[in-house]
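Notes to accompany the following structure.
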Amino acid sequence: MRKVETVVIRERIEIVIDAVEEETGHVGVTVIEAVGHGRQRGVTHEYRGRVFESRFLPKALLIFVVDDDRADAVVRAIAAAAVSGNESGDGLVWSTPIENVTHNRTGRREAT
Amino acid sequence: MRKVETVVIRERIEIVIDAVEEETGHVGVTVIEAVGHGRQRGVTHEYRGRVFESRFLPKALLIFVVDDDRADAVVRAIAAAAVSGNESGDGLVWSTPIENVTHNRTGRREAT
Amino acid sequence: MRKVETVVIRERIEIVIDAVEEETGHVGVTVIEAVGHGRQRGVTHEYRGRVFESRFLPKALLIFVVDDDRADAVVRAIAAAAVSGNESGDGLVWSTPIENVTHNRTGRREAT
Amino acid sequence: MTKHDLLIAASTIWVVVTAVLVMFMQAGFAFLEAGLTRMKNAGHIAGKNVLIFGLCSVLYWAVGFGIAFGDGGWFSGTAGFFPSVNELISVGQKPFDFFAEVPGAAGYLFEVVFAGVSLAIVWGAMAERAKLWVYFVFGTYFTITYSIVSHWVWSPHGWLFSLGMQDFAGSTVVHYQGALAGLAGALILGPRIGKFGHDGRANPIPGHNIPFAVLGTLILWFGWFGFNPGSTLGVDLGGFGYFAYVALITNVAAATGAVAGMLIAWLKLGKPDISMMLNGALGALVAITAASGFVAPWAAIVIGAGSGVIAVFGVIFVERIGIDDPIGAVAVHGMSGVWGTLACGLFAAPVLAHNLATGHKGLVYGGGFHQLGIQALGVVAVGIFSFSTSYGCLWVLNRVWGIRVEPTVETQGLDVHEHGMWGYPEFYIPVPGGYGTESHGHMGGLGHAHAAAKPAPVAISKEVTV
Amino acid sequence: MTKHDLLIAASTIWVVVTAVLVMFMQAGFAFLEAGLTRMKNAGHIAGKNVLIFGLCSVLYWAVGFGIAFGDGGWFSGTAGFFPSVNELISVGQKPFDFFAEVPGAAGYLFEVVFAGVSLAIVWGAMAERAKLWVYFVFGTYFTITYSIVSHWVWSPHGWLFSLGMQDFAGSTVVHYQGALAGLAGALILGPRIGKFGHDGRANPIPGHNIPFAVLGTLILWFGWFGFNPGSTLGVDLGGFGYFAYVALITNVAAATGAVAGMLIAWLKLGKPDISMMLNGALGALVAITAASGFVAPWAAIVIGAGSGVIAVFGVIFVERIGIDDPIGAVAVHGMSGVWGTLACGLFAAPVLAHNLATGHKGLVYGGGFHQLGIQALGVVAVGIFSFSTSYGCLWVLNRVWGIRVEPTVETQGLDVHEHGMWGYPEFYIPVPGGYGTESHGHMGGLGHAHAAAKPAPVAISKEVTV
Amino acid sequence: MTKHDLLIAASTIWVVVTAVLVMFMQAGFAFLEAGLTRMKNAGHIAGKNVLIFGLCSVLYWAVGFGIAFGDGGWFSGTAGFFPSVNELISVGQKPFDFFAEVPGAAGYLFEVVFAGVSLAIVWGAMAERAKLWVYFVFGTYFTITYSIVSHWVWSPHGWLFSLGMQDFAGSTVVHYQGALAGLAGALILGPRIGKFGHDGRANPIPGHNIPFAVLGTLILWFGWFGFNPGSTLGVDLGGFGYFAYVALITNVAAATGAVAGMLIAWLKLGKPDISMMLNGALGALVAITAASGFVAPWAAIVIGAGSGVIAVFGVIFVERIGIDDPIGAVAVHGMSGVWGTLACGLFAAPVLAHNLATGHKGLVYGGGFHQLGIQALGVVAVGIFSFSTSYGCLWVLNRVWGIRVEPTVETQGLDVHEHGMWGYPEFYIPVPGGYGTESHGHMGGLGHAHAAAKPAPVAISKEVTV
Ligand SMILES: Nc1ncnc2c1ncn2[C@@H]1O[C@H](COP(=O)(O)OP(=O)(O)O)[C@@H](O)[C@H]1O
Ligand SMILES: Nc1ncnc2c1ncn2[C@@H]1O[C@H](COP(=O)(O)OP(=O)(O)O)[C@@H](O)[C@H]1O
Ligand SMILES: Nc1ncnc2c1ncn2[C@@H]1O[C@H](COP(=O)(O)OP(=O)(O)O)[C@@H](O)[C@H]1O
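Chains as they are written, first to last, in the working numbering: chain A, 1 to 112; chain B, 1001 to 1112; chain C, 2001 to 2112; chain D, 3001 to 3466; chain E, 4001 to 4466; chain F, 5001 to 5466.
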């Protein structure tokens, strides 16, 4: 099987998952809060006379464990759904082959 | 070496780690908060006249970097320990071959 | 391309990223909060007569998606920059080959 | 030392203590409003109450107090501006002879905190999207229009007072007026980003801290024991110690409103929504404000229950017609303010109207529609004046400079954009030695001793030269 | 204006102001209890105080006040139900002639806030697992049993009062009674899920917000300056201005309790546990409640120190015998309440017992065991009555409908299940424009201007039709 | 009942009520300080106020009150230690005949809360790095030195009082003294880890909760209506009801300070920093403390505005010279305290100085430099005495035992290290059924019913035998 991972902006989480479900039929995702640093600038802060800025922006990392033959469609669905129209920050998607995929509750091992 | 990743319910974090340590002798884990979406329904919320529900449930992602020959035993120990007896939600476990594993403090590179 | 992942102590996040940028020219990272369990002991807590301790320490997981030929340099830069001088806890770094790397905003697929 | 000296002493104690209780209502509004809005704006929302109370306190000394309670005509006071030491320390003297048993200073103190409450209400309906300078400009303007209306209703020269309008402690003057200005603001600002979906359906934007909202409500309830009973402005109005009765009525109404708000939310919405219970209690306090001196306990229960109904249905109604009022100010202070004002015309008990020598007994006691008519007239007149002046002012400001923050500011939050710093910095940025750094963070345990020995630079942030 | 009028004025100011301070103790309990329980229940825990004070306020007007202070017999008052305007505004008249210097309304106000405190204590021991309707039913029931006991001890007709029992402001009446009902509830409900391990050992379930608990404690301490000194019910009981002495004693005891609680926790548990310090202060305030009018400063220190010991060992003991009392109500209000009541029998100073014309001097002043015996009798009688009536009521309710929430509700939390919304929504669900959405979140920086331009639907949640 | 009895009653009500307001300022300091420091220390910072007020309350009864207000000489009182029941309940009798219209107990109550405020200020500047036992030792020491200085300025025997120094409610006695001790502590402790970079530049360490800081400030403002007006110590000082004027002056100054603090931060720093607005309001309250009885409203505005300037520039200056004062105590209480004390010499109005029979009119009224000189002398004398005694004591303690916590304790936080438990446990450790466990956690939804059926052991933690 394959693990498809993507970094997206948080407002797109729902849209990306819906797109994957609709376009590929795949259900199941794990979502992790992340922050990312790309080319954008942060905003200026001030506190009691000191000025400084932060360079990270909030993102989410989504993990989809999918059948090998669906991987490509999932990647494409994600890349399409993640686009926000902003100038930057929409992130990346990629996939990795994985082994030994086991469903915890049933103990069933999926074909690799 | 291999990276074993698993998504489990949070109350099982300790039990899974203990099982891995006891059954395989492997020590070392990184734990990440996650939320997941599978087949379960969320609970209904109400606020000032509006009703809505949420579809994610809290999970944890555990990462174990292990020797190649232990990977299979670790996967099995995890799958066994992650079972909560609930009807759903116990998650998945899988492994991936990794390269260049380096121990930061000593700079020692483990055999791949 | 390759995904380089590293677990580091949180105070080193900035230093590791700066080191990667300076030494390899690679820009772009995703940062995730994590907690880890290695060989160290936690600290004792007390509340209304009960005493207990916790075994995890806060860490960060950094993900760098990099060109294949830069992966090794990135791993080395990370391992060097992550060293805090503490007796333990500086974490690991490793890399994995990945496929289908797609830039969400542009939909451009990077050479694998 | 004469008995009159002792009367002044006792009355001044009473008026100052109750004024101080009302002043503390600023903390109540700060926490009610901060609790019912989002984390990203928490510092701004709480902090603005200090700012506007500050502004109002100075202005009210300068001109507001004279407009409201200085000698003058039917429309406005014309004396007592920038009052001097002597005017403030003397008792029962012009231009503040309205205050017969307490020094002018006590009068100022008691009345300025009322103006502050009215102003605090305004911003509740405008929360999370107005520019900071608007607080300065509209706060100044409203302090003056507020003072004019308070002259109408409370000054012996005021035209509504002369007609016998009953508004014991300001359901109309303080609450309704504040809500009208807030409504004007909410209309001109429009709803917060994300409040209404593309299909026009409202999205819930829950506040971030219900315990804060509870604290705010309890502080307000506490402060209301200054608001209403203190409005006797002395220890003998209505009889010596009569103010205790006003306190009882206030408490019974508030209590009923809380229980009613919760029960009605339970029936109507399926859940005993806590924010609706709080709104029920506050709505009841608003309504009983006008009536607290005039009605019997059973009527306090009726009035409180009515406010519980208004809170739930009013909040839903306001949202349904597309107005985004984050804390429910229009329903709680506006609708309940009108209800309380009219309720005097319905329920004013003969003995109490007589003791207070203000207006007549209400409809249910056979007083006919006379008092109700006067109350309605007051509501209409104040409604037209206050809404139109507020709307006009805000409309002009909006036209000329724009009173709503940029979308980016609204999205990211007023705290960091308007003030430079988050309300809860450690949840948003890495703070040296704070949450999210080594040794800390959610699910985290405890770090190394050594880490402390060589502090890292400000993690994840770069300092910029001032 | 006579001097008596001025006396009424001064006494009414005093009684109303102190009543208002006591009313504010609801915020103290709300924050103490919310602070010492979990995030998932914070809205419920804080909010329920508004609900029960609301319920109690209406009921106490209807029947409680008459039962407690209306004219009547040794067991209960039999007049003054649903009191009218005239009964409430007149001073020293039947049925509330017990209140000689203040209007009946002031009496109501002062006494209803005491009933509210007793009720607030009940729920502390039952926190985080009782169903919401139980608050309505048992709250009503307890308001009545509470009123009966307060008649016994405080009404001049009450049988314990006639015996000369000393309970200046209610260690027994208010605190011990509340704790007895709470204990009954904790026994019937059983411990929270996860509180005791499979081996029976207790797990710590730390509260979620120590600053809240500190705020709650300081508000309670503040309110206690109404509780005890206000119990003179006028300005001349014990001599003009004597209430200041009661305030001093209250403060010295509380102070000693705080320091003792911390030191004893430090010695016994190895850590100067902040929650134990707070419990020490509160326990001392509870104990000194009965004694504050009767004892010398040195005795206040002894009583306070005793409560510090009781807080630490009591909390541990209650847990050890398998009772889950999340905020320590049994130890703090129950054990310390008994301690304070008995302490009168030990330390009542001759001059003060004489000035107050209640009971006799204590054991250490050579008064023998007489007063101590009466105090013990009061403790036993109230203990039997209050515990058995409370236990009986809750047992029946539990038998018939079940008073404990389902495990799933308890696990997920009362906020979302009972009320539909979290106490801290942004930590649990995505809120439009809130924490955890674009531009926000822990370790997050700041997002794009553009994102604001097209708001996403309610992230991660689907709206459901009402 | 004589008129004098009624005077005592009214005065005692006034003094007790205002004392209680001042006592509540402990909650204000607790929240101001907790809000402006980090999450990891929140429980400690808030809780220590209860501890030190507790310590101070007992000590002040034992010796402080006698030193300050007992009969004695120019340097110190020498009577009234461990006062008895009779000394405390009698009015205007030796050794507390300084209090002419209220019982000694009321005097104690009013004065002990002032000592508590002064102590609270000390720890603000020493926050987040001092060992817990230091609170016990230095708290005791400071209570005594504080009492000596308060004798100098306020006792009729005190040498500065005899010279005619004007310090109505303690800008010098309470605030400046507290700040001096805090400064001594901050110097000896050194800055927090991470406060200054390797290059010496200051890093911002934002506090964790601006709403808490706002609540703290509003509680302080509220309490200040006890602080200043209550300092009349009766209802007739300066004329019957004159204390209302003091309240007005206090409010006008605070209001100006808030607005000025925000505007000056906006101009100087580019952002209307909320913490600076709060500091402006508090600085103004500090400054007007000395002057509130003596000046005209316009002067209150000048004084308040001056404090707004001092807050912003003072905070920046203190940081620039390398002192780490987390909440700005040195600027707000020290510099503004001096400003307020000197301002009396500038602005004391002839009529008020005369009515209060203390000192003379100020410079701007043609009083010359006389009063200003006396004020300056007071500032210098108290400065030398307080700073040197505090510095000496802390220096010795530091030399012998070390007053600063270990780096590992400071890094990980005082809550868990000094007290065993976090201020917000669910953010740091897994709590059974808490945030971060199944069914809960950020972005989380809701879990399984079944999970509840078999509770897991304390997740992620292992119990250790006691
Ligand atoms: N090479 C990379 N490795 C890991 N994460 C990356 C990488 N490049 C981008 N990201 C993630 O994607 C997010 C968006 O990247 P950014 O450069 O801002 O966008 P864009 O490339 O669309 O301009 C970053 O915040 C980061 O989380
Ligand atoms: N295909 C998947 N990819 C990624 N995560 C998954 C996938 N399937 C399940 N998960 C994770 O496992 C959790 C449990 O899944 P769920 O479908 O509820 O359980 P079950 O399969 O036991 O019924 C989900 O909440 C999610 O975090
Ligand atoms: N085998 C592993 N798999 C996953 N994470 C690991 C592993 N070993 C260590 N880690 C991560 O690295 C962190 C540091 O490990 P630790 O054993 O404390 O350090 P060290 O090896 O330098 O003594 C751990 O807290 C954990 O997050």
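For glycine and all other residues, C-beta sits at the position ideal for the given N, C-alpha and C.
Just so you know, these numbers come straight off a predicted model, no measurement behind them.
Asked, Found
"Does chain F have any CB closer than 8 Å to the CB of Phe-52 of chain A?", "yes"
"Quick one: what does DSSP say Lys-5040 of chain F is sitting in, helix, strand or coil?", "helix"
"Find the residues of chain B that neighbour Met-3276 of chain D, judging by a C-beta separation of less than 8 Å, and give them in chain order.", "Arg-1048"
"Just how far apart, CA to CA, sit Phe-5196 of chain F and His-45 of chain A?", "18 Å"
"Please tell me whether Phe-4240 of chain E has its Cβ less than 8 Å away from any Cβ of chain D.", "no"
"If we define contact as Cβ-Cβ less than 8 Å, is Phe-3225 of chain D a contact residue for chain E?", "yes"
"Please state if the CB of Phe-4227 of chain E and the CB of Ala-4169 of chain E are separated by a distance shorter than 8 Å.", "yes"
"Using the C-alpha atoms, what's the distance from Asn-4041 of chain E back to Thr-4078 of chain E?", "40 Å"
"Do you know whose CA, among F:Glu-5111, F:Gly-5073, F:Ser-5011, lies nearest Val-5022 of chain F's CA?", "F:Glu-5111"
"With a threshold of 8 Å between beta-carbons, can Gly-5445 of chain F be considered close to chain D, or not?", "Unreliable positioning characterises Gly-5445 of chain F in this predicted model, as indicated by a pLDDT of 46, which lies under 50. The coordinate reading is nonetheless provided below. Not one chain D Cβ lies under 8 Å of Gly-5445 of chain F."
"With Ile-2063 of chain C as the anchor, note down where its beta strand (DSSP E) starts and where it stops.", "2057–2066"
"Going straight from the alpha carbon of Ser-4057 of chain E to that of Pro-3204 of chain D, what length do you get?", "32 Å"
"If the criterion is Cβ atoms closer than 8 Å, does the pair Gly-3124 of chain D and Gly-3080 of chain D meet it?", "no"
"Got a sec: is the Cβ-Cβ distance from Glu-1099 of chain B to anything in chain C below 8 Å?", "yes"
"Return the Cβ separation of Val-5122 of chain F and Ile-5403 of chain F in integer angstroms, given the expectation that the two are a contact with Cβ distance under 8 Å.", "Actually they are not in contact, since the Cβ atoms of Val-5122 of chain F and Ile-5403 of chain F sit about 12 Å apart, beyond 8 Å."
"Could you tell me whether the Cβ of Val-65 of chain A comes closer than 8 Å to any Cβ of chain D?", "no"
"So if DSSP puts Val-2008 of chain C in a beta bridge, which residue, or which two residues, is it bridged to?", "C:Ala-2060"
"Compute the beta-carbon to beta-carbon distance between Ser-5147 of chain F and Ala-5115 of chain F, rounded to the nearest angstrom, for a pair I have assumed lies under 8 Å.", "7 Å"
"Could you tell me the distance, in whole angstroms, from the CA atom of Met-3276 of chain D to the CA atom of Ala-3254 of chain D?", "13 Å"
"Chain F partners of Val-2043 of chain C, CB-CB under 8 Å?", "Gln-5412, Val-5416, His-5417"
"From this set, D:Leu-3119, D:Trp-3266, D:Arg-3320, which residue's C-alpha is nearest Tyr-3176 of chain D's C-alpha?", "D:Leu-3119"
"Closer than 9 Å, Cβ to any Cβ of chain C: which residues of the segment 4264–4293 of chain E, in chain order?", "Ala-4265, Lys-4268, Leu-4269, Gly-4270, Lys-4271, Asp-4273, Ser-4275, Met-4276, Asn-4279"
"Three-state secondary structure (DSSP) at Phe-4196 of chain E?", "strand"
"Which residues, in order along the segment 83–109 of chain A, keep a beta-carbon less than 7 Å from a beta-carbon of chain B?", "Thr-96, Ile-98, Glu-99, Asn-100, Val-101, Thr-102, His-103, Asn-104, Arg-105, Gly-107"
"Under 8 Å Cβ-Cβ, which residues of chain B neighbour Ile-4429 of chain E?", "His-1045, Ser-1054"
"Enumerate, from N- to C-terminal direction, the unbroken alpha helix (DSSP H) stretches of 4 or more residues contained entirely within the segment 3112–3168 of chain D.", "3132–3154, 3159–3163"
"Give me the chain B residues within the contact set of Gly-28 of chain A, using Cβ-Cβ distance strictly less than 9 Å, ordered along the chain.", "Gly-1036, His-1037, Gly-1038, Arg-1039, Leu-1092"
"Identify every run of the alpha helix (DSSP H) within the segment 4042–4122 of chain E, keeping only runs that are complete inside it and at least 4 residues long; order them along the chain.", "4042–4059, 4065–4069, 4085–4089"
"With DSSP as the reference, label Trp-4401 of chain E as helix, strand or coil.", "coil"
"Is His-26 of chain A helix, strand or coil by DSSP?", "coil"
"Counting contacts by CB-CB distance shorter than 8 Å, is Met-3039 of chain D in contact with chain E?", "yes"
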